[in-house]
Structure formats: structure tokens, C-alpha cells
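Contents: one structure, followed by commentary.
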Amino acid sequence: MTIPRSFLGRADLALRRSATLADLMMRLAEMHGEKLFVTEEDETGLSRRITFQQASEQVAAWTRAIRTLSEPGRPVVIATANGIDQFMLCLAVSAAGGLPAPVNPQMSEAEVAHVIADSGASLVIRTPDELPVVEGSTVLATPSPKDVAALFYTSGTTGKPKGAELTHQALVGQVSVAAMWPFTLRHDELVLALPVAHIMGFVALMGPAVAGIPIYFMQRFSPRRTLQIIEHRRCSAFIGVPAMYRTLLEAGAAEADLSSIRVWISGADVMPADLALKFKSFGASATLPGLGPIGEAAFMEGYGMVEVGGNVATKLSPPMLPIGLGDSLGLSMPGWKFKVADRSGRGVLPGQVGELRLKGPGVLKGYWGDAQASSEALTEDGWLRTGDLVRSGPFGMVMFQGRAKAVIKSGGYSVYPVEVEADIEEHPDVLEAAVVGIPDAKLGEVPVAAVRLRPKAKVTPQELVVWAGVRMAQYKAPRRILIVEELPRTGTRKIQRDRLLPLFSE
């Protein structure tokens with residue numbers, strides 16, 4: 299197998315963006331060789347170590363097998379357990395000329411069947427052990443960076459999952475930011491426990507790999523185990539979603555020794571500012587002989603969604619400007635444009651709320667086999683309607699206000715759940731709140747909330763309703779509050795608001 303010699307270092311991937319999923323692992327092996335790629339821990343606690351060279355050889359072997367089972371250009375559904383094998387199988391399908399469509403193992407059989415039928419998959423891989431051993435040389439596919447590379451299916455919270463067509467440029471090009479990784483010392487190790495079939499987990503694996511940073515991958519997230527790993531292995535970075543940070547705090551993060559962490563990274567949902575500040579204080583900017591840990595860790599956040607191939611913007615948190623209610627984000631990644639628009643597509647005035655629209659190299663080509671959904675998501679001139687509502691601010695900053703479909707219309711007022719949730723979570727007994735709207739004969743909709751309480755909390759639902767009514771405008775204050783043990787979540791721990799509604803009809 300011949301590997302192009304143009305991949306001379308991180309800068310090549312960052313500036314030229316010539317790599318594709320088809321040759322990514324082979325290129326990484328040329329860069330990093332026998333350096334450790336990943337240590338993977340399964341649900342039983344057993345672990346295995348894989349170097350870049352070993353990963354490249356495994357991808358090549360699976361590529362030969364897949365080429366004998368599937369025609370080039372056809373989707374291949376990868377319905378395996380969560381883990382590094384699922385990631386490498388995606389690369390192997392691409393190298394064989396196919397379109398990988400990974401699915402989250404938490405999906406039901408009916409949901410997986412929908413993906414198989416919708417994609418028209420020519421092959422379904424449920425375990426790599428199914429693949430035959432094929433000897434011989436490995437011939438890599440040679441797609442253009444602008445070709446569709448993979449199908450990532452949406453979570454389906456507002457309907458059946460749709461397959462987002464993401465290009466090689468969208469996926470591999472997005473990780474070029476890894477070339478700017480500021481922490482490249484010998485003992486760096488990043489902890490990761492995200493679903494590979496979700497775009498955030500997929501990109502979170504590619505980024506450190508490009509930078510040559512070893513990954514400690516947990517097939518299943520456990521907050522207590524994560525804290526143990528960081529303490530024992532002295533890991534320098536962690537990537538997770540806000541809900542993971544909440545559970546780490548509940549599991550004793552404040553009492554653990556997390557001083558080895560120099561950067562915390564979050565994405566996929568709004569990160570509360572106070573939570574980010576706490577974790578900054580748990581880590582350290584450096585550890586000096588004789589002095590120990592000094593300074594605070596950095597906290598980086600990214601804005602991203604499946605339709606843009608992962609994160610399109612990052613920031614250090616908290617930003618120079620106050621965060622206020624909601625998440626403040628500066629969108630300034632090279633090649634990307636954004637605007638805050640009203641329904642007609644015109645820009646809104648500073649301080650007003652509108653839909654965030656994006657244009658850039660990572661925007662999806664469309665939804666697989668769904669022209670109507672594609673036209674609804676993309677304007678004729680190439681802008682992606684994200685469905686995220688933001689408040690326009692100065693200096694290219696926007697304030698995240700929630701999903702357009704989650705906005706509650708109550709008596710002519712727009713109620714943004716993220717604002718109400720932030721207020722409720724200021725109560726000393728409340729760990730987390732989730733706000734939805736329910737029908738009301740007079741006002742159209744009214745807000746209600748489900749909350750998780752801190753251990754040994756004694757506050758009652760009615761007391762919380764009264765407390766919220768004093769703090770908030772009448773149209774914002776939840777009419778009912780339920781106390782729950784757990785909130786329904788997606789594979790990346792986002793709250794599934796549609797599954798909260800039945801709780802309020804009982």
C-alpha cells in the first residue's frame with residue numbers, strides 16, 4: 299500500500315485539508331507510527347492499548363473485507379457496540395469506497411431498522427467478527443474532499459432520524475484546529491467517554507489523533523470511574539457534555555485531585571457559567587517542581603451540531619464579555635460566516651433574538667434521500683438554518699437562547715426554557731431543571747418544569763413554584779414543578795424534552 303508523502307505534519311492537515319476519511323488512519327500512522335493512539339476501557343474495566351500503526355493495519359484489513367461485501371458508493375450501517383472499533387470501521391468503510399452510517403447502540407431495534415431502510419444500506423455490520431479475513435494488498439478509495447464522506451443520523455427528537463450528508467472536508471477539515479493544541483507534552487492524555495456514532499464523539503476522537511495526543515476511551519461513561527482515572531493516570535484533558543460535568547460534580551469532583559487537568563472541553567449543549575468556573579478551579583495551568591499546581595485550567599467550549607460536522611467555533615470560558623443568561627459564543631472560525639436572522643432571513647438588530655444561520659465548509663450537503671428536509675434546512679444561497687435561537691451581541695458575540703422548537707408561546711410572550719432553567723437552578727436545593735410548555739386554553743401554552751434535587755433536599759414542588767413566581771415575570775414562571783430522580787436524555791446526555799411532556803399529563 300502506498301501512502302502519499304504530502305502528510306508531513308499537523309500543519310499540512312490544518313492548512314491544506316487534503317486528507318479524507320478514506321486515508322486518514324494511514325496518514326496518521328505515517329505521522330505517529332508506534333506512538334500510542336488509544337487506551338480503551340470496556341464496561342468490565344478491562345483495557346487494551348492500540349498504537350497508530352496497529353490501528354492503520356486493522357483499518358486496512360477491514361477495508362479489504364468490506365470491499366468484497368459492499369459496492370462502492372453505497373451506505374454501510376455500522377451497528378456495533380460503542381468503542382474504537384466502531385470508529386475504525388467507519389474509516390474502513392470509507393477506505394473501501396462506501397459511506398459509513400454509524401448508529402448509537404442505545405437506539406432501539408426499530409430505530410436501527412429505520413436507519414437501515416432509510417439509507418438503503420448494502421451492508422450492516424453488527425460486530426467486526428462478522429468480517430472475513432481477506433489477504434492481499436489494500437487499495438484505498440480516492441474521494442474528493444468535497445464528496446459525501448458519511449451519513450450521521452440526527453437524534454430524531456422532532457421526528458424520524460434523518461441522515462446528514464457530511465463531506466470529507468466537513469469531517470476531516472473540522473479537526474484542523476487540533477494542530478493548534480497548546481498542550482503537547484510527553485505525558486498528555488485525554489479522557490473521553492462519548493458515543494462514537496454521535497458527531498461530537500466522532501470528531502472528539504479525530505482531533506486528538508491528529509494532534510498525536512493519547513486518548514483514554516471509556517466505552518460507557520461513569521462519573522466515579524472518570525474521576526479515578528484522572529487521579530490515577532494524571533490525565534491532562536477531558537472532553538464531555540454539560541450533563542457529564544454535572545454528574546462529575548455530584549460524584550465528588552470537588553474532593554478529587556484533578557490538578558493534572560490543564561484543559562476541560564465541553565460541547566453539544568449549553569454549559570452553565572458557574573459550572574465551568576468550578577471545573578477551571580479544580581485543574582491547574584501547570585505543575586512546577588517544589589511548587590505543585592499553579593493557576594487554573596482552561597475551559598474550552600464548542601458550538602456544533604450534526605449538520606455542521608461537529609464544532610465550528612470554540613471559546614475559552616468564561617469569555618471576556620459577561621455570559622449572562624445562556625451561553626455566550628464568539629463565532630470566528632476561518633471559512634465560516636454567521637448571521638442572526640428573522641424568519642425572512644434579514645439580520646436582526648443588536649440585542650434582539652433571531653435564528654443563527656451558518657455558512658461554511660462543514661455545512662451538510664443535504665439530508666440523504668429527503669429533498670424536502672434539505673430545502674427546509676438550507677437556503678438557496680447556502681445558509682444553514684440551524685434552528686438555534688440566539689441574541690445578537692457586540693463584537694461578533696451571540697447569546698444562546700435555546701432551540702426554536704423549544705420556545706414556549708405563552709399569552710403572546712416568548713419564553714426561552716434555558717432562561718427559566720437557569721433561574722430555577724439558582725435555588726440551593728436544585729441540581730438541574732428542564733422546562734417545557736404544555737397546552738393552556740387561555741394562554742396557548744404555559745411553562746412547567748421537572749427538576750432534580752440535591753441529596754437530602756427537603757423543598758417541595760409547591761415551594762419551588764412559589765419561589766419561582768417571586769423571582770420571575772409571571773409569564774415565565776412555571777405553573778407546575780415535578781421532582782424527578784432522573785431526566786430523560788439522548789446518547790450525548792441532552793435532555794429529551796418531548797419525553798417530559800407525558801409526565802405532566804398524568
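Residue 398 in our numbering sits at position 100 of the sequence shown, and the numbers go up by one each step.
Even for Gly, the Cβ is constructed at its ideal location relative to N, Cα and C.
From the DSSP output, read off the bridge partner residues of Glu463.
Taking the first residue of the sequence shown as 1, we reach residue 463 at position 165. Its beta-bridge partners are Leu449, Gly664.
Limits of the unbroken beta strand (DSSP E) element including Arg750
For this step, residue 750 is matched to residue 452 along the sequence shown. Note, Arg750: beta strand (DSSP E), 742 to 751.
Beta-carbon gap between Ala554 and Glu529 smaller than 7 Å:
Locating residue 554 in the sequence shown gives position 256, where the first residue counts as 1. Locating residue 529 in the sequence shown gives position 231, where the first residue counts as 1. Contact: yes.
Distance check for Glu433 and Ser564, CA to CA, integer angstroms please.
Taking the first residue of the sequence shown as position 1, residue 564 is located at position 266. Taking the first residue of the sequence shown as position 1, residue 433 is located at position 135. Those two C-alpha atoms are separated by around 42 Å.
Cα-Cα separation, Gly461 to Ala755
Start at 1 with the first residue of the sequence shown, and residue 461 comes out as number 163. Start at 1 with the first residue of the sequence shown, and residue 755 comes out as number 457. Approximately 43 Å, taken between the alpha carbons.
So for Gln699, helix, strand or coil by DSSP?
Residue 699 sits at position 401 when you count from the first residue of the sequence shown. Three-state result, Gln699: strand.
Pick from Glu339, Arg544, Ala739: whose alpha carbon is nearest that of Ala284?
Absent from the model: residue 284. The displayed extent of the chain is 299 to 804, so no value can be given.
Where Ala755 falls: helix, strand or coil (DSSP):
Your numbering for residue 755 matches position 457 in the sequence shown. It is coil, neither helix nor strand.
Burial state of Ile376, where buried means 16 or more other Cβ atoms lie within 10 Å
In the sequence shown, counting from the first residue as 1, residue 376 sits at position 78. By the 10 Å Cβ count, Ile376 comes out buried.
Of the residues Thr585, Pro540, Met770, which one's Cα is nearest the Cα of Asp572?
Walking along the sequence shown from the start, residue 572 turns up at place 274. When only C-alpha atoms are compared, the closest one is Pro540.
Note down, in chain order, each residue of its chain lying with its Cβ closer than 7 Å to the Cβ of Pro400, except the 5 sequence neighbours on either side.
Here residue 400 refers to the residue found at position 102 of the sequence shown. Once the five neighbours on either side are set aside, the close Cβ partners of Pro400 are Ile376, Gln384, Cys388, Val494, Ala495.
I'd like to know if the stretch 354 to 366 and the stretch 543 to 554 are in contact, where contact means that at least 3 CB-CB pairs between them fall below 8 Å.
no
Verify the contact flag: Val651, CB atom, against every heavy atom of the ligand GTP, threshold strictly below 6 Å.
Inclusion of the ligand GTP in the displayed structure is not the case, the ligand content being empty and no account of it being possible.
So, does the stretch 686 to 703 touch the stretch 741 to 755, judging by three or more C-beta pairs under 8 Å?
no
Buried or exposed: where does Asp679 fall if 16 or more other Cβ atoms within 10 Å of its Cβ makes it buried?
Along the sequence shown, read from residue 1 onward, the residue named residue 679 stands at position 381. Burial call: exposed.
Where Trp634 falls: helix, strand or coil (DSSP)
Here residue 634 refers to the residue found at position 336 of the sequence shown. The answer is coil: DSSP assigns Trp634 none of H, G, I, E or B.
Cβ separation of Ala596 and Ala582, assumed to be a contact under 8 Å, to the nearest whole Å:
By 1-based counting over the sequence shown, the position of residue 596 is 298. By 1-based counting over the sequence shown, the position of residue 582 is 284. 10 Å between Cβ atoms; not a contact.
Could you check whether the stretch 663 to 671 touches the stretch 696 to 714, counting it as contact only if at least three pairs of C-beta atoms, one from each stretch, sit closer than 8 Å?
no
In the DSSP assignment, find the unbroken alpha helix (DSSP H) run with Trp360 in it and report its ends.
For the purposes of this step, residue 360 is taken as the residue at position 62 of the sequence shown. Trp360 -> alpha helix (DSSP H) spans 350 to 367.
Using CA atoms only, rank isn't needed, just tell me which of Gly643, Thr790, Glu605, Pro591 is closest to Asn380.
Indexing the sequence shown from 1 puts residue 380 at position 82. When each option's Cα is compared against that of Asn380, the closest is Thr790.
Looking only at its own chain, which residues have a Cβ that is under 8 Å from the Cβ of Leu799, when we skip the five neighbours before and after it?
Residue numbering aside, residue 799 sits at position 501 when the sequence shown is read from its first letter. So the qualifying residues of the chain are Val734, Ile736.
Local Cβ density within 10 Å of Ile592, reported as buried at 16 or more and exposed below that:
The sequence position of residue 592 within the sequence shown is 294, counting from 1. Label assigned to Ile592: exposed.
Residue range of the alpha helix (DSSP H) that includes Ala574
The sequence position of residue 574 within the sequence shown is 276, counting from 1. Here the alpha helix (DSSP H) through Ala574 covers 571 to 580.
Kindly list the residues whose CB is nearer than 6 Å to the CB of Pro715, restricted to its own chain and excluding five residues on each side of it in sequence; keep chain order.
Counting from one through the sequence shown, the residue named residue 715 turns up at place 417. Excluding positions up to five away in sequence, the list reads Gly700, Ala704, Val733.
Below 8 Å on the Cβ atoms is my guess for Leu488 versus Ile537; work out the distance and round it to an integer in Å.
In the sequence shown, counting from the first residue as 1, residue 488 sits at position 190. In the sequence shown, counting from the first residue as 1, residue 537 sits at position 239. With 8 Å as the limit, Leu488 and Ile537 qualify as a contact, their Cβ atoms being about 6 Å apart.
Under 8 Å: do the stretch 513 to 523 and the stretch 339 to 349 share three or more Cβ pairs, one atom per stretch?
yes
Do you know how far the Cα of Glu730 is from the Cα of Val422?
Here residue 422 corresponds to residue number 124 of the sequence shown, with the count starting at 1. Here residue 730 corresponds to residue number 432 of the sequence shown, with the count starting at 1. Going by the C-alpha atoms only, they are around 39 Å apart.
Candidates Ile706, Val718, Pro753: closest to Pro726 by CA position:
Counted from its first residue, the sequence shown places residue 726 at position 428. Cα-wise, what sits closest to Pro726 is Pro753.
Compute the Euclidean distance between the alpha carbons of Gly685 and Pro786, then round it to the nearest angstrom.
As a first step, residue 685 must be located in the sequence shown, where it is residue number 387. As a first step, residue 786 must be located in the sequence shown, where it is residue number 488. Between Gly685 and Pro786, the C-alpha separation is close to 21 Å.
DSSP state of Ala552 mapped onto helix, strand, coil:
Here residue 552 is taken as the residue at index 254 of the sequence shown, counted from 1. Three-state DSSP puts Ala552 in coil, outside helix and strand.
Taking all protein chains shown into account, do 16 or more other C-beta atoms lie within 10 angstroms of the C-beta of Asp738, making it buried, or fewer, making it exposed?
Taking the sequence shown and counting its residues from 1, one reaches residue 738 at position 440. Burial call: exposed.
Are any of the Cβ atoms in chain B nearer than 7 Å to that of Leu751?
Among the chains of the structure shown, chain B does not appear; only one protein chain is present.
Kindly give me the distance between the Cβ atoms of Arg777 and Val728, rounded to whole angstroms, as I take these residues to be in contact under 8 Å.
Taking the sequence shown and counting its residues from 1, the one referred to as residue 777 is at position 479. Taking the sequence shown and counting its residues from 1, the one referred to as residue 728 is at position 430. Not quite, the Cβ-Cβ distance comes to about 17 Å (not below 8 Å), so this is no contact.
Between which residues of its own chain and Val391 is the CB-CB distance below 6 Å, once the five residues before and five after are set aside?
Residue 391 sits at position 93 when you count from the first residue of the sequence shown. If we look at Val391 and ignore the five residues flanking it on each side, its Cβ neighbours are Ile364, Val374, Pro398.
Neighbour-count burial assignment, Gln467, 16 or more Cβ in a 10 Å radius:
To locate residue 467, count along the sequence shown from 1; it is residue 169. Result: buried.
Taking Met516 as part of the beta strand (DSSP E), name the residues at either end of that continuous run.
As a first step, residue 516 must be located in the sequence shown, where it is residue number 218. Taken as a continuous stretch (DSSP letters only), the beta strand (DSSP E) holding Met516 covers 513 to 516.
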